[in-house]
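What follows is a set of notes on a single structure, which appears directly below.
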Amino acid sequence: MYSRIAGTGRCLPERVLTNHDLERMVATSDEWIRERTGIERRHIAAPGETTADLAEKAARRALEAAGVTAADVDFLVVGTTTPDVVFPNVGCLLQDRLGIHGCAAFSIEAACSSFVYALSVADRFVAAGQARCALVIGAETLSRIVDWTDRTTCVLFGDGAGAVVLQPSAEPGILSCHLGADGRYKDLLYFPYGVSRRPEDAGHGEGAFLQMKGNEVFKVAVKTLEGIVQEALDANRLDCSAVDWLIPHQANLRIIQATAKRLGMPMERVVLTLQDHGNTSAASVPMALDVAIRDGRIRRGDLLLLEAFGGGFTWGASLVRY
Ligand code: ACO
174 MYSRIAGTGR CLPERVLTNH DLERMVATSD EWIRERTGIE RRHIAAPGET
224 TADLAEKAAR RALEAAGVTA ADVDFLVVGT TTPDVVFPNV GCLLQDRLGI
274 HGCAAFSIEA ACSSFVYALS VADRFVAAGQ ARCALVIGAE TLSRIVDWTD
324 RTTCVLFGDG AGAVVLQPSA EPGILSCHLG ADGRYKDLLY FPYGVSRRPE
374 DAGHGEGAFL QMKGNEVFKV AVKTLEGIVQ EALDANRLDC SAVDWLIPHQ
424 ANLRIIQATA KRLGMPMERV VLTLQDHGNT SAASVPMALD VAIRDGRIRR
474 GDLLLLEAFG GGFTWGASLV RY
């Protein structure tokens, strides 16, 4: 038994913030942002609009695309770094909004890799016959933890949500998922406090904002992504030439290009959304998947390679027959 993707959906907040808008906020330029990152614009949640709001809209679209109703969902997992509240988790908030009760509902926090982590857990439950309709979501309002006066981070991130419905199938489906993490890198990309670690314990100058040593993250990301992607291919005795579409985490165009180059994958077979979405952390992979399915690039039977890398560090990859 395998799990297969039955439907996808996404939701982006209405407000668009362009590079030119950012030029008026910090000492940056459209040219610098495009050259160094590939990003042109990003969507920003409205005041009061939360991660669960975006997740709900993406979920409803994915359910519709799969031809199922919320009542069919029997497993719900949300990957997010920016939950509405500490608890109830976003999965429970979403379950209540969808009017379903009783099934497992939880969230996974693995920064930008959260969706790939969530997908791998849901895949195991569906493939084992323990769930028949799993709703898997990556959703973020990263704009809430970005320092809008810090040009080294604020130009990178955006908000959004992507959703996938998984159902059982005798045919593959998700071929395999591969996850990894290394906490030694905890100081290169982090948010300085939460509940147990209080704001007063945060380091001098950190504030309530995401902290990143971008250059160092970049180097580890390129090397690690190459390894995890190769691991996924090797596990299935496949060569990169078999892959129809690479759907990478949308952090930086240069990271994506480096990964594609090392794999020998032409950029025409890479789904890019970061020019329009920025880095939406856990939401980036499912949103890119939904974009390319809905615009007709990805077709039934195509082989997809999903990958992500984020704070922790955490990383993951999945080979999927759509
Ligand atoms: N506009 C203009 N200049 C800038 C800006 C900006 N927005 N930001 C930085 N600069 C300047 C720097 O101050 C520096 O100036 P200096 O040389 O005078 O000191 C210069 O540009 C170069 O800075 P670098 O940090 O070396 O630039 P780099 O080419 O590394 O690009 C970037 C920075 C885009 C952040 C890149 O390092 C990157 O993408 N890193 C990886 C990010 C990532 O993958 N994160 C993981 C996922 S996110 C998550 O998990 C939540």
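So the sequence shown is numbered by the working numbering: it starts at 174 and just counts up by one.
We treat Cβ as the ideally placed atom computed from N, Cα and C, and that holds for glycine.
| Own chain residues within Cβ distance below 8 Å of Glu196, not counting five before or after | Ser202, Asp203
| field | Three-state secondary structure (DSSP) of Pro459 | value | helix
| query | Residue range of the beta strand (DSSP E) that Asp332 falls in? | reply | 332-342
| task | Indicate whether Val251 and Val263 have their beta-carbon atoms separated by less than 8 Å. | result | yes
| query | So which residues touch the region around the ligand ACO, with touch meaning a C-beta under 5 Å from any heavy atom? | reply | Thr201, Trp205, Arg209, Thr210, Ala284, Cys285, Arg324, Thr325, Val328, Gly387, Asn388, Val390, Phe391, Ala394, Ala424, Asn425, Ser454, Gly483, Gly484
| Over what stretch of residues does the beta strand (DSSP E) that includes Ala278 continue unbroken? | Note, Ala278: beta strand (DSSP E), 277-281.
| message | Considering only the alpha carbon of each residue, which of Gly367, Ala343, Ala219 lies closest to Glu282? | response | Ranking Gly367, Ala343, Ala219 by Cα distance to Glu282 puts Gly367 first.
| said: Nearest by alpha-carbon distance to Arg472: which of Cys265, Ala179, Gly484 is it? | reply: Distance from the Cα of Arg472 is smallest, within the candidate group Cys265, Ala179, Gly484, for Ala179.
| What are the boundary residues of the beta strand (DSSP E) that includes Ile178? | 175-184
| Whole-number beta carbon distance between Gln430 and Asn452, since they are thought to touch under 8 Å | Not really, about 15 Å apart at Cβ, beyond 8 Å.
| field | Buried or exposed (CB count within 10 angstroms, at least 16 for buried), Phe260 | value | exposed
| message | I need the boundaries of the beta strand (DSSP E) containing Ser349, first residue and last residue. | response | That run of the beta strand (DSSP E) goes 347-354.
| Where His216 falls, given that 16 or more other Cβ within 10 Å makes a residue buried | buried
| In three-state DSSP terms, what is Thr210? | helix
| query | What is the DSSP secondary structure of Ile429, counted as helix, strand or coil? | reply | If DSSP states are grouped into helix, strand and coil, Ile429 belongs with the helices.
| message | Mapping the DSSP letters down to three states, classify Glu379 as helix, strand or coil. | response | coil
| field | Option in Gln448, Ala465, Gly353, Glu373 with minimal Cα separation from Glu135 | value | Since the first and last residues shown for the chain are 174 and 495, residue 135 lies out of range.
| message | Quick check on this structure: which residue in Arg214, Asp412, Asp360, Gly302 has the alpha carbon closest to the alpha carbon of Gly387? | response | Asp360
| field | 8 Å contact criterion, which Leu267 and Ala307 should meet: CB distance rounded | value | Going by Cβ atoms, the distance from Leu267 to Ala307 rounds to 13 Å, so no, they are not a contact pair.
| task | Grab the span of the beta strand (DSSP E) containing Ser287 for me, first residue to last. | result | Where Ser287 is concerned, there is no enclosing beta strand (DSSP E), although the alpha helix (DSSP H) it sits in stretches over 287-300.
| field | Supposed close pair Val416, Leu476 - CB separation, criterion 8 Å | value | 5 Å
| said: I'd like the span of the alpha helix (DSSP H) that includes Val402, first residue to last. | reply: 387-408
| Through-space distance from Gly272 to Lys396, alpha-carbon basis | One alpha carbon belongs to Lys396, the other to Gly272, and they sit about 43 Å apart.
| message | DSSP three-state label for Asn452, please. | response | strand
| query | Expressed to the nearest angstrom, what Euclidean distance is found between the alpha-carbon atoms of Lys384 and Asp463? | reply | Note that residue 384 is Gln in the sequence shown, not Lys. The alpha-carbon atoms of Gln384 and Asp463 are separated by roughly 29 Å.
| said: Between Ser414, Ile347, Cys265, Ser457, which has its C-alpha nearest Tyr151's C-alpha? | reply: Past the edges of the chain, shown from 174 to 495, lies residue 151, and the structure says nothing about it.
| So Gly182 and Ala336 are in contact, right, with Cβ under 8 Å, and what is the actual spacing, rounded? | By a beta-carbon distance limit of 8 Å, Gly182 contacts Ala336. Their separation comes to about 5 Å.
| said: Using a 10 Å radius around the Cβ and a threshold of 16 neighbouring Cβ atoms, would you call Ala295 buried or exposed? | reply: buried
| message | Distance check for Ala343 and Pro365, CA to CA, integer angstroms please. | response | 45 Å
| request: Select from Arg442, Glu187, Pro372, Ile212 the residue whose C-alpha is nearest the C-alpha of Leu227. | output: Measuring C-alpha to C-alpha distances from Leu227 to each of Arg442, Glu187, Pro372, Ile212 identifies Glu187 as the nearest.
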